[in-house]
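Quick note on numbering: the numbering used here labels position 390 of the sequence shown as 783, and the sequence is numbered without any gaps. The structure appears below as C-alpha cells.
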Amino acid sequence: MSHRLSILNEAQREAVTTLSGPLLVLAGAGTGKTRVITYRMAELIRSGVRPERILSVTFTNKAAKEMLERTKHLLGGLKQRPWISTFHSLCVNVLRSDIEVLGYPAQFTILDRGDQESIGRSVLRDIRVAESSLKPSDLLSIISKWKSVGIRPDRAKDAAEDDKEFLAAMAYRKYQARLKSTGGVDFDDLLLLTNELFNNHPEILARHQRRFDHVQVDEYQDTNGTQFELIEALVREHQNLCVVGDDDQSIYGWRGAEVRHILGFGQYFPGSKTVRLEENYRCTDAILEMANELVRHNRQRHKKTLRATKKAREDVRFKEFEDEQIEAEMVVREIKFYIQQKGVPARDFCILFRTNEQPRVFEQELRRAGVPYLLMGSQSFYDRKEVKDILCYLRVLASPVDEAALLRVINTPPRGIGEASVEKVLTRAVHSGRSFFETVPIALQEGEITVKAAGAMQAFQEKLHRFRQRFEEQPRAMVELTREMIESFDYHAEIERQYKEPHQQLARQASLDEFINSIGQYLERTPEPDLAEYLSTVALEGREDEPDKEKQAQEDAVKLMTLHSAKGLEFPRVYMVGLEEGILPHKRSVDGTEENIAEERRLCYVGVTRAQDYLTLTRAASRMKWGKRRQSVPSRFLKEMRGKSSRDEDEDSDI
394 MSHRLSILNE AQREAVTTLS GPLLVLAGAG TGKTRVITYR MAELIRSGVR PERILSVTFT
454 NKAAKEMLER TKHLLGGLKQ RPWISTFHSL CVNVLRSDIE VLGYPAQFTI LDRGDQESIG
514 RSVLRDIRVA ESSLKPSDLL SIISKWKSVG IRPDRAKDAA EDDKEFLAAM AYRKYQARLK
574 STGGVDFDDL LLLTNELFNN HPEILARHQR RFDHVQVDEY QDTNGTQFEL IEALVREHQN
634 LCVVGDDDQS IYGWRGAEVR HILGFGQYFP GSKTVRLEEN YRCTDAILEM ANELVRHNRQ
694 RHKKTLRATK KAREDVRFKE FEDEQIEAEM VVREIKFYIQ QKGVPARDFC ILFRTNEQPR
754 VFEQELRRAG VPYLLMGSQS FYDRKEVKDI LCYLRVLASP VDEAALLRVI NTPPRGIGEA
814 SVEKVLTRAV HSGRSFFETV PIALQEGEIT VKAAGAMQAF QEKLHRFRQR FEEQPRAMVE
874 LTREMIESFD YHAEIERQYK EPHQQLARQA SLDEFINSIG QYLERTPEPD LAEYLSTVAL
934 EGREDEPDKE KQAQEDAVKL MTLHSAKGLE FPRVYMVGLE EGILPHKRSV DGTEENIAEE
994 RRLCYVGVTR AQDYLTLTRA ASRMKWGKRR QSVPSRFLKE MRGKSSRDED EDSDI
C-alpha cells in the first residue's frame, strides 16, 4: 500500500484506486465520502490523466470549492485544475457558448424566484385564471416539477393529473415564451436547455463529450431526471463515471430527486462496480444500532450496515411528554442545565423538527430561559431588498430586455413613474412584441400615459444607457461604477425612505458595502471580467449557497432546524422532537404511497445520524391542532428503531 493512501480504510482505498468504468460508491452517513472523491481525483491525476480532463459535479458551490481545495492540498501546486462545479454552473458554461442556436441571447439572464412569480402572475392574468384557482407560487412549483423530469410545454397537458395542473399546462407555454422574449431563463431551464442542446445538436454534444475523460458525481441520490440525462449523455462514449451517494439519505423526492437513479445504477450502466463505505466515524454504536434498525424497514434499498468506530457513553433516550408546551419546556430546561452547570458549549446542541411550525414553542422557551439560539435557514443575503434592487439595476445594464428586473427598479427610488403608467406601457409592449422602452413613445402618442411619465421613463432609459456603455468599456472598474451608479440613482434616499431608524439604515448600507465587496472578490479571481458572467455567478450562489449552514453551525448558540436543513451537518447532542404520526411521518405521506413513507423513514434516518454522541427522541402525548387539543399517536419509526412498542417509554427523571 502506498503511504499516501494509508489514511484510508480498505473500502475507501478500493474506491479511490478504481480508476475506470462505471463505479458506484455507496457512502453511508459519516463514512468519509468527500475524502474518497478528492483522493480519487488525485489518484487519477497521478495516473497520468490531465486535471482539466476530469469533471467532478456536486450540488453546491461551497462543496465544489471545498473539493477543489482538498485536491490542491493533496497534489500541491497545479498548473491545470480539474473542472469542479455544480450541475447548474456546468450548464451555464455550456449555454454561454451554445444557447444562441436555441434562440436565446448568449448574455441571457438567470431569473430569481421573485422575477418568476412576477411573470407567473402576469401570465395567469393573461389567460384569465384567478389566484383562487391557481397561485403564481403553485404554478411555478408545478412547472419546476415538470422541468425536473424533462416535460416541455407541448407535453404538459398530457402530464396534468388534476384541474390545477391542467390550468398550469395552459400557463406553462406562455410562461416559457415570456422568459424567452426577455432573454431570461429560470433555474430549471439551465438543465433543461442544456439537455435540449445535447439531444437536438449532436455536434455540440460531441464537443462537450470530448472535454472530459472522467466524470464524478457527488450526492448522486439527489439527482433528478434532467441531471441524470445530462450526466448519461456526457459519459456515453467512455463510461468512466464514478458516482458517490447513499440511497438511505435520499430525502428530496418532493423537489424532483429520483432514488431509482442510485438504486438502478447497475442497470443504467452495465458492468459497473459497487463499493460500500460502512465504517462510520461520526456516531456512537448505540446511535448507529437504532439507525440501522430503522432503515432496514425500507424494502427498496442497497443492503449495507454502518459500523461505529466509537462506543456510546449513554444510550439513546426516548421521552414522552404531556403536550408540546411541556416538551419544549423540558428539553430547554435540560439544555440550559448542561450549558450553565456543566459548561457544555451551546453550539453542541441541535433541536431537529419535521415542520416549520414546530420551532415556535422552542424559540419561546429558549428566549425565556436566556439560552442563545439560532433558527437555521435564515434569509439569503441575495434576497435582501437593497441587494436585490442593485442587482436588478445591474441586470438591466447587462440585458436591456430583462423586463422583470426593469419593473422592479423603474420607480425605485420614486422618480415620478406610477404603477398605472408602467402597466399600460407593459401591456402594449407584450401585445406588440416590442421592448418596454420602444413602446413608451407609442403609449404617449395614444394618450395612454402623460408627457411627464413618458419624460421620466425616457430620462431613466438614457441614464441606464450611459452606464451600460461605461460597464462595457471598463469592466475592470465594475466596483467604482457600481458605487457611482448607486449614487447617481440616489439609492441611499430609498434606504432612508424605507427604514426610519438609524441602526436599520446602517445595516442596509452595510449590506450594500458587502455586495460591492462581492464584486471586488469576483474581479480578483477573474482575468477577463464581464458583468453578465458576474450576475450568473451571483444567481447561482444565491440559489445554491445561502445560507452557509456550516458557518452558522459554528456559532455558539443552540441550533434549531428542519430535518431537511440538517443534512450534511453533525452535532454532539441532538434532540429530535415531535416523533408522532402526522408529523414524522408527515400527514401527507401517511395518506400516500409506500415510497412516501420510505422517504419519511429516510428523513428520520438522516436526523438520527446527525448525532455524534448523544441523541434524545421526544414526542407529545397531545398536541393543539386547529385550536383544539387532540391526542397524538407515537411515530411508527419509534417502534421500528426499538423493536418494541413505543408505549414502553423510558421514564428517566433527568429531563
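Every residue, glycine too, gets a C-beta built ideally from N, C-alpha and C.
Ranked by how close their Cα comes to the Cα of Val522, the residues Ala562, Val487, Gly507, Tyr497 have Ala562 in first place. A residue is called buried once 16 or more other Cβ atoms fall within 10 Å of its Cβ, and Ala903, having fewer, is exposed. About 4 Å separates the beta carbon of Ser1028 from that of Leu972, a gap short enough to meet the 8 Å contact definition.
Uninterrupted alpha helix (DSSP H) stretches at least 4 residues long and entirely within the segment 902-942 occur at 924-937, given in chain order.
Pairing Tyr674 with Gly421 gives a Cβ-Cβ distance that is not under 8 Å. DSSP, reduced to helix, strand and coil, places Leu634 within a strand of the structure shown. Taking the C-beta atoms as reference points, Ala404 is found no nearer than 8 Å to Glu779. From the listed residues Ser478, Ile644, Asp639, the smallest Cα separation to Ser958 is found for Ile644. Note on Ser399: under 16 other CB atoms within 10 angstroms of its CB, so exposed under the neighbour-count rule.
In this structure, Leu590 sits away from Val485, with a CB-CB distance that is not shorter than 8 Å.
Here the alpha carbons of Met850 and Val794 stand approximately 15 Å from one another. One Cα belongs to Tyr432, the other to Gly576, and the distance between them is close to 41 Å. Where Met954 is concerned, the enclosing beta strand (DSSP E) starts and stops at 951-955.
The shortest CA-to-CA distance from Ala932 to any of His481, Tyr786, Ala456 is the one to His481. Between Arg710 and Glu717, the alpha-carbon positions lie close to 18 Å from each other.
Using a Cβ distance threshold of 8 Å, Leu656 and His695 count as a contacting pair. The beta-bridge partner set that DSSP reports for Gly577 consists of Thr502. Taking the Cα of Ile438 as reference, the smallest distance to any Cα among Ala701, Leu532, Lys465, Ala456 is reached at Lys465. Contact between Met871 and Pro922 holds: CB atoms are separated by about 6 Å, below the 8 Å threshold. Contact between Gly543 and Gly618 holds, with the beta-carbon distance rounding to 5 Å and staying under 8 Å. DSSP places His607 within a strand segment (E or B) once states are collapsed to three.
DSSP places His858 in the helix class (H, G or I) of the three-state scheme.
Following the DSSP letters along the chain, one finds Val668 in no alpha helix (DSSP H) but inside the beta strand (DSSP E) bounded by residues 666-670. Between the alpha carbons of Leu924 and Phe864 lies a gap of roughly 7 Å.
DSSP places Tyr766 inside the beta strand (DSSP E), whose first and last residues are 766-768. Along the segment 801-844, the alpha helix (DSSP H) occurs as fully enclosed runs of 4 or more residues at 812-825, 829-838, listed in sequence order.
For Ala1014, the enclosing beta strand (DSSP E) begins and ends at 1004-1018.
According to the DSSP secondary-structure assignment, Arg518 is paired through a beta bridge with no residue. Taking C-beta atoms as the reference points, Gln898 and Ile909 fail to come closer than 8 Å. In this model, Asp641 and Lys538 are separated by some 22 Å (Cα to Cα).
Burial check for His896: the Cβ neighbour count within 10 Å stays below 16, so the residue is exposed. Under a 10 Å Cβ-count criterion, Lys960 is classified as buried, with 16 or more other Cβ atoms of the shown protein chains found around its own Cβ. The C-beta distance from Thr451 to Thr479 rounds to 6 Å, short enough to meet the 8 Å contact threshold.
Tyr892 carries a coil assignment under DSSP once its states are collapsed to helix, strand and coil. For Ile744, the uninterrupted beta strand (DSSP E) segment begins and ends at 742-746. In terms of Cα proximity to Ala721, the closest of Lys573, Ile430, Val764, Ile536 is Val764.
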